[in-house]
Structures are given as structure tokens and as C-alpha cells.
Amino acid sequence: MTGNSVPPHRHAIRYSIRHAELDWRVDDGDVEAPFSTAYDDVYFSRQDGREESRFVFIDNNDLPRRLAAWRARRPFTIGETGFGTGLNMLCAWACFDENAPAEARLHLVSTEKHPLTREALERAWRSWPQLSSRAASLLEQWPPAVAGVHRLQLDARVILDLHFGDAADCLSQLDGQVDAWFLDGFAPSKNPDMWRLELFEAMAAASRPGATFATFTCAGFVRRGLAAAGFHWRKVPGFGRKREMLRGERDESTRPASEAIPARAATPWFQPPPARPAAHVAVIGAGIAGTSVAAALARRGSRVTLVDRAGIAAGASGNPQAALYVKLAVEPNLQSRFYLAALLYTQRWLARLDPQRRWWSDCGLLQLAGDARGVERQRRFLDLYDLPSTVVSASEPADATSLAGIDLDQAALHYPRAGWVDPVALCRHLAATPGVEIRQAELRSLRETESGWQLQLGQSPLCVDQVVFATGHASRDWLDGLPLQSVRGQVSTLALPQQAESGNGPALERVLCADGYVMPARDGMLTFGATFSPHDADTTLRESDHRRNLDELARTAPTLARQFAGINPARCGGRASVRAASPDKTPYVGPLPDVARWRNDYAALGKDARRRFDCPGSHYPGLWVTTAHGSRGMVSAPLCAELIASRLYDEPMPLERGLVDHLHPGRRIIADLIRGR
């Protein structure tokens, strides 16, 4: 298995997925193309793959005309079954650039059960120099082979969501709707498991009114499956030697009236509210949660007023360094699936924001095992998740010592692409996004108007379409009914001794995490900590907490701690701040529920947890929340910002539907009703 030598657990839930098995074929023109040995089929025509893609998928979905006429605030969305080399998606991107108006945006959604390795993808694209610049953007962000949704920002106007896994399973969890389908994949005779009724039904459920499709095949069971799922189809001339292919559209006459809540029939409370204007949005809170939302909305065209009474990164996002770190549960669960997706997304996001690594580092991170019980937990974790070694792997003490650059006597998990970030620099960079205006003011009141919301900021009113609360532990002042816990944390800093700063002493090269953490030194300063004090909102620095941090440093990295032996804790610099946590340690992200209405509408859950309801959840129109990120906000907040921005702009979500619902701020209301609270 990947990343360790433990034999597979018989009940293991695999997160990694198998890469494509390839051979390489060369045609008469010396064009090299990948060939699937598992499916005994080509990825594209070796005669003219790009022309085939244009003919079958671009022209037969009438994309040049439709994109030229696109004026909606939401992006035009294309769905695909079988990403392969990405040829179809990059051709669609080229068509968009050639035809769409300057203000239009494109959203691409593609499934892939067996992704190519980055090296194979790069080799395949050598045959298409015309698309090399677009291929480079794809290659730079190519994700590891981990099941789930991977969001890639290909350029300022184009997003690609890669769904790694079985096509039907992925599309059944797609939270979003599609305008045009590329029904691709290996030939039905070679890959019948993909071309099944469940796939066509998932496509139909995720289709917007008038959605079209095109596919190279005319197989009889494909035609019957499409018709059974509610698609009109017709045969048209095929490409090259193929005599016929299929194109068509969703048959709206067969769409059931009950489809208002099709995917959430059992959980209608999570049905998102109707889309509404987002031309001007107020974001309350200028920490990592607020600035990442502000940047995500401004990038889509919103005018954003970013409001914070203390300024940018003045609260829990103001530490000198923050670890890009998640501690995943040994047994895979929804929370761990979310944090794993968030970690992978944040790594790509930071690399795109700051490719020079001026204010962040993907130096790697070691999660120390501690005692023998911790070693066993880590072994079991690796067995159950089976993640690629590019994500996480086991390190014995000798390996951990080599990676860390200092002596360690513990085994560890190594996250090679994790690291640390300067949160203040990051928040300032995000707040400087064009379209974001910063207002240092206190929010005193909030009132709904006919067109949106009026905020009283000091003595000045502000009228906006929608409001996003990203106020950390202060959210309790505005978000009634969401249980929040204040958690104080104090971080300590010390200047390195002169011999260490000059390179003659031990130098830490990876972030170390145990019960505390310590970062590689930056500008001659060592940052370590942090204390954890629930129900404490005092931000005064405490000498006793510096002592606790020094004691933890001695346990985590004794080689480093010996440089400061006997030091007076009063000599430490540092910072104390207050974070917000939810009872289940998962952020609240999404529309703000009307708590009283939920408790009334779904009260019967207290007697029957399986009771079905017809009414969707009632939400305050245009009010959103991203809070309770706890100590992992540097990892969780950026992906949560995409979730909120995607919902405001009626885009497909960057997570599977089950994970979107897991983050919903109303989940605690439902849980409490079921438990009779």
C-alpha cells in the first residue's frame, strides 16, 4: 500500500484511487498518444484528437453560439464524464476565450475514475502545442489521486472542478447544475460500468432546463438509458470513420414537479435558498475567513465592503506564523473528508496566490506520534485512508530526523506539501484584491430592506445586497442559535541564539506538530505554542502560558529547546488571541437559518428522526456565515470561501453535497431536535 508497510485493513475505506494504466502509441505522423491498457481503448483520435473534440463536443453542443450570447451573472457550466487528458475541457476553454463576452465566466466539471499521473499528463500534452499555455495551468495545479472534488482556478474567469471517482457516484453527489454535457469515456463495449442508467439519471438531476448533451457513441443501450432518464436524443453524422453519433437535450416535459428538492428529499432543511443579486456584498470580519470570502466574491465581480472594527488580521489571524495542518480522525468521517479536501485545496490556492513563496512555505510538516499508542494510531490511520505518499506517509525516527534537520526520537506522519503561512501578509494580500474596499468600523445594527440589508457602521449607514459574517467568536453577538465556544490560545516567540542564527546551531526544516507546534525560524525568530484554554476570551499575555509553551517545546523538539535552557519565560514575545469553535469542531459555513422557524417546522423529528418533510429550510435572505474555524482556519477558510461564493453565484459547489450539508450552520438545530433538546 501507499505510504507505509501495514497490510490493508479488511474494512479500509480507500481515499486514494488507482492511476490510469497506460501504453503509448505513435501514429504515422509521429504523434504520441496515451492508450489505456485496462480498457483497451484510445484516449482520443490519433489522427486529429483536437478536431474530434471540437466536432463531437463543442459544435454539437452549439457552444460557440451559446457562449457568444452568454450574459448571465453565473458562469456557463459544462459537465463531462471522463476527463482523461483534459483535451475536451481545454478545447472548451479555448472556445470560451474565442467567443464569450469579457464579463462572462466558465465553470467546468469533469469526473475521472483513473486519473493520469502528472508526468503522463505532461507527456500527452506535448502533442498539442496550440494549447500549451492552458495545459500549463492545468499541470501546475494537478491534484494527487485522492477521491473527491478538487477545485482548480485555471485563470481569472475559468474554474475546473475535478471529481475523482466513479462517474455516476460523483455526479449523484454533484451540488450544482450543468448547461451542456460532454458524455465521453471509453467506448461502451470497453467500459460498460460507466454507461449505465445511474449515470444518465445523475446527469438528468444535475441538468438545467434546456441542458444539452453530445457523445461519440450510438450504442443502443446508451440511447435507451438516456431516454429513460429524460433526455431527447437524435442521431447525427459522426467524426471521421464513425458514421453516426448522438446529440440531444433534457426533456423538460418529463421533469417531475417535485424536483424542487430532488437531492435533499430526506434533508430538505439543507436546500439552499434561491439565488439573489450579489453586486454589493458586505463581509464582516477581516481575518482569514473574511478576507478569503471577500477575495473570492470580488474575483467573480462583486463589489465588496470588508468591515472590521480593529482592522485586517487583528484577531486570531494575526499570529506571525500559522501551521498548514490538519489532524485527521483515525476512522474516516465527514469531518476528516472535509479537512483533507481543504488542505489539498489550500496548498494549490497558496501556490497560485504567491508562487514565489514570499509569505508562506510548503516546507513540509511532521505530525509526531508520541508514545507507542500514538505510533499504532498513525499506522491504523495510514491503513484506513491509504493516501498517496505525496499527501502523507510514515516516517520512522531516523527518517523524521533527516526530514526535520534536528534530532527526533519519535516516528511521525510526514505531510510533504504542508508547511506554514504568514497570516497577516496573506490577509493583507487578499484584502488588496481589486473590488474590495476596507472599512475599519464597528457594526452596530443590521436591518432588512426591500432590496437587501442596511448596516449601521459607526455613524454611517451602508446598503448592500447580501452580508457574510466571518467574525469568529464575536459571531455570537449576531448569529442567534449557533452554539460557539471561545478558545484562548497564546503563542510564544524567541530570538534564536547568535550561533543558531548564523547556521552553527540546529535548524528546524519542517513544521513539527504534537500537543503543540514549532515552526522553522523566520527572520531569526522561533514561533511555538500554542496554549488551548476553552471558555476564555482574555487576550492579555501570560507568563504562565509562556512557561507552558516552553515546556511543550522541550517535549516536542528537545534539541531546539536546549538552546533556551533556563530562560526566563518573561523574555518570550508572543501573542494571545481568541478563536471560535463549534461543539463538533467543524466550521459553520452557509446560509443563516431562521432558528425559530426550523424548530417549529421540524419539531416532529423529536418523535420520529425518519420523518419526511416537504418544506425547505427557512433562511434569512442574503445572510451568510463562515465561522467556528477554530485553530485550523488557515486550512479550512479558503475552501469555505469558495463554497459561499459559489452559492452566491449559483455555481457548482467545490465539495460533494454530503460535505456541503455537513458544514451547514443549521446542522446543530436538527441534531438537537432529534436528540430532544
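Under this note's numbering, think of the first position of the sequence shown as -11, with each following residue one higher.
Backbone N, C-alpha and C define an ideal beta-carbon position, used for all residues, glycine too.
Which residues in the same chain as residue i place their Cβ atom closer than 7 Å to its Cβ, once the five residues preceding and following it in sequence are excluded?
i	result
HIS461	LEU472, SER474, ALA525, VAL566, ARG567, ALA568
PRO265	ASP453
GLU247	Unreliable placement is indicated for GLU247, whose pLDDT of 49 sits below 50; no coordinate value is reported for it.
For residue i and residue j, what's the separation of their Cα atoms in angstroms?
i	j	result
VAL613	GLY306	21 Å
VAL499	LEU148	31 Å
ARG288	TYR637	8 Å
GLU237	ALA216	13 Å
GLY446	ILE272	14 Å
CYS415	GLU438	33 Å
PRO581	PHE369	35 Å
ASP539	PRO557	10 Å
MET(-11)	GLN444	Confidence at MET(-11) is low in this model, with a pLDDT of 26, below 50, so its placement is unreliable and no value can be given for it.
THR527	PRO132	40 Å
ARG62	VAL224	31 Å
ARG336	TYR313	14 Å
ARG229	SER41	14 Å
HIS68	ASP239	Note that residue 68 is Glu in the sequence shown here, rather than His. Their Cα atoms are separated by approximately 19 Å.
Leaving out the 5 sequence neighbours to the left and right, which residues in its chain are closer than 8 Å to residue i when beta-carbon positions are compared?
i	result
GLU630	ARG139, ALA284, TYR333, PRO642
GLY213	TRP183, ARG184, LEU185, LEU187, PHE188
VAL506	LEU496, VAL499, LEU500, LEU514, THR515, PHE516, LEU541, THR544, ALA545, LEU548
ILE555	LEU482, LEU538
PHE457	ILE272, GLY273, SER463, TRP466, LEU467, LEU580, LEU611, TRP612, VAL613, THR614, THR615
Mind checking residue i: buried by the 16 CB within 10 Å criterion, or exposed?
i	result
PRO117	exposed
PHE227	buried
PHE204	buried
HIS650	buried
THR519	buried
VAL379	buried
VAL455	buried
TRP12	exposed
THR25	exposed
Which residues mark the beginning and the end of the beta strand (DSSP E) in which residue i is found?
i	result
PHE516	513 to 517
MET7	According to the sequence shown, residue 7 is His rather than Met. Taken as a continuous stretch (DSSP letters only), HIS7 belongs to no beta strand (DSSP E), as it is neither H nor E.
VAL577	576 to 581
ALA294	Before going on, a small fix: residue 294 reads as Leu here, not Ala. Taken as a continuous stretch (DSSP letters only), the beta strand (DSSP E) holding LEU294 covers 291 to 295.
LEU611	607 to 615
PHE64	64 to 69
ALA426	One point to set straight first is that residue 426 is Ile, not Ala, in the sequence displayed. Where ILE426 is concerned, the enclosing beta strand (DSSP E) stretches over 424 to 427.
SER381	381 to 383
Locate the alpha helix (DSSP H) running through residue i, then write down its first and last residues.
i	result
MET233	Segment 232 to 238 is the beta strand (DSSP E) holding MET233; no alpha helix (DSSP H) there.
TRP347	Careful: TRP347 lies outside any alpha helix (DSSP H) and carries neither H nor E.
ARG563	Note, ARG563: premise wrong, no alpha helix (DSSP H); beta strand (DSSP E) at 561 to 569.
VAL452	Per DSSP, VAL452 belongs to no alpha helix (DSSP H); it is in the beta strand (DSSP E), 448 to 452.
GLU364	360 to 373
LEU661	655 to 662
ARG435	ARG435 -> not in any alpha helix (DSSP H); beta strand (DSSP E) instead, spanning 431 to 436.
ILE394	Note, ILE394: premise wrong, no alpha helix (DSSP H); not H, not E.
GLN551	Segment: none, GLN551 is in no alpha helix (DSSP H) and carries neither H nor E.
Could you tell me which of the options sits nearest to residue i, measuring between CA atoms?
i	options	result
ARG291	PRO131, SER606, THR421, GLY70	THR421
ARG38	LEU119, ARG61, ASP28, ARG6	LEU119
CYS83	PRO52, GLU91, ASP397, ALA175	PRO52
PRO579	PRO260, ARG535, ALA251, PHE23	PRO260
SER98	ASN87, ALA56, ASP154, ARG59	ASP154
SER241	GLN161, PHE219, VAL295	PHE219
ILE46	ALA57, ARG663, ASN76, PRO22	ASN76
LEU162	ALA192, GLY173, PHE174, LYS178	ALA192
ARG297	GLY275, LEU312, LEU316, HIS534	GLY275
SER115	GLY512, ARG600, PHE32, ILE66	PHE32
ALA362	ASP503, ALA251, VAL30, GLY469	It is Gly, not Ala, that sits at residue 362 in the sequence shown. With distances taken between Cα atoms, GLY362 lies closest to ASP503.
TRP348	GLU91, ALA124, SER383, ASP410	ASP410
PRO89	TRP58, THR105, PRO103	TRP58
ASP660	ARG587, ALA339, SER619	ARG587
Among the residues of its own chain, which have a CB less than 6 Å from the CB of residue i, if the five just before and after it don't count?
i	result
SER606	ASP582, ARG585
ASP509	Residue identity check: residue 509 is Ala in the sequence provided, not Asp. Contacts found: LEU484.
ALA207	PRO176
ARG563	ASN307, VAL479
ALA135	TYR3, ILE5, PHE152, GLY153
ALA168	ASN49, ILE66, THR200
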